[in-house]
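**Q** Once you've had a glance at the structure underneath, I'll fire off some questions.
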Amino acid sequence: MKNLIKVERARHNMTQADLADKIGVSRQSINAIEKGKYIPSTLLAIKIAKLFKLSVEDIFFLEEGE
Amino acid sequence: MNLNDIQKCERTKIEKWSRFQLSHKWKTVGIMISLSVFAMLLGLKLMDDRPQWTSEVLKRLLIVGFLIISISKDKEEDEMIASLRAKSYTLAFIFGVLYTLIQPVVDYLVHQYVFSASENNTFSYFQVLWFMLLIQIMFFEVLKRQR
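Chains as they are written, first to last, in our numbering: chain A, 8 to 73; chain B, 232 to 378.
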């Protein structure tokens with residue numbers, strides 16, 4: 008699963024730490040999600056999408072074959 | 232109270248128990264207990280005349296120390312940490328079962344072919360619990376560093 012969190016963060020001029028603070032996780036977790044090492048729960052995905060005023064599908068999407 | 236209510240009640244209780252964790256400061260307490268007990272166990276090895284009960288009590292204390300470390304919250308406890316912790320428990324369980332199966336065979340072979348003696352080695356619960364808790368703590372720390 009890929010995501011556009013890094014792009015959206017840049018658009019909103021936010022650091023990983025800012026985003027982590029706003030959704031209540033650690034900065035390392037945001038880093039792992041951005042790199043695709045960790046797939047967030049539905050709850051966390053919705054929180055991220057809501058923060059960027061987008062739908063979950065706009066930020067998270069499946070790769071080919073998934 | 233019908234069957235659905237009973238099931239719901241049981242599920243709520245299990246979920247509550249499964250979420251139980253000590254606060255982060257307990258981790259330091261657990262580390263201190265484990266290290267001091269480990270040092271005392273090493274010290275006991277050097278003593279010639281040592282009462283049997285001291286070693287048994289210290290071994291239990293070591294397991295308590297490891298358990299406290301294992302169930303203490305991390306500094307920044309979030310869902311990713313919870314997921315890593317769950318992975319480390321899975322690995323510890325699998326390695327624990329494998330250890331229980333393999334270790335007696337290894338012990339037997341070593342005593343038969345290396346020491347050439349038929350010493351009947353007992354395989355204690357302490358060895359298994361100590362191994363499982365150590366593996367869990369180690370894997371959890373490794374997984375955390377690799378995130």
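For glycine and all other residues, C-beta sits at the position ideal for the given N, C-alpha and C.
1. How many Å lie between residue 339/B and residue 359/B at the Cα?
2. For residue 356/B, which option in 345/B, 327/B and 343/B has the closest C-alpha, if you only look at C-alpha atoms?
3. If you count every other CB in all the chains shown that lies within 10 Å of the CB of residue 408/B, and 16 or more means buried, which is it?
4. In angstroms with no decimal places, state the Cα-to-Cα distance between residue 364/B and residue 344/B.
5. For a cutoff of 8 Å on Cβ pairs, would you count residue 14/A as touching chain B?
6. To the nearest angstrom, how far is the alpha carbon of residue 314/B from that of residue 273/B?
7. Using the beta-carbon of each residue, which ones in chain B are nearer than 8 Å to residue 39/A?
8. Strictly under 8 Å for the Cβ-Cβ distance: is residue 11/A near chain B by that measure?
9. For chain A, check one thing: does any of its Cβ atoms lie closer than 8 Å to the Cβ of residue 307/B?
10. Using 8 Å as the limit for Cβ to Cβ distance, is residue 32/A near chain B?
11. Would the region 262-281 of chain B count as touching the region 328-338 of chain B if we require 3 or more Cβ pairs under 8 Å?
12. How would you write the range of the alpha helix (DSSP H) that residue 260/B sits in, first residue to last?
13. For a contact defined as C-beta to C-beta under 7 Å, what are the partners of residue 44/A on chain B?
14. Quick check on DSSP: helix, strand or coil for residue 301/B?
15. Kindly indicate which three-state DSSP category residue 324/B falls into: helix, strand or coil?
16. Report the option in 270/B, 331/B and 257/B whose CA atom is closest to the CA atom of residue 300/B.
17. Does DSSP put residue 318/B in a helix, in a strand, or in coil?
18. Per DSSP, residue 10/A is paired with what?
**A** Taking the geometry as given:
1. 17 Å
2. 327/B
3. Residue coverage of chain B in this structure runs from 232 to 378, which leaves residue 408/B outside it and unanswerable.
4. 31 Å
5. no
6. 35 Å
7. 311 and 378
8. no
9. yes
10. yes
11. no
12. 256-277
13. 378
14. helix
15. helix
16. 257/B
17. helix
18. 67/A
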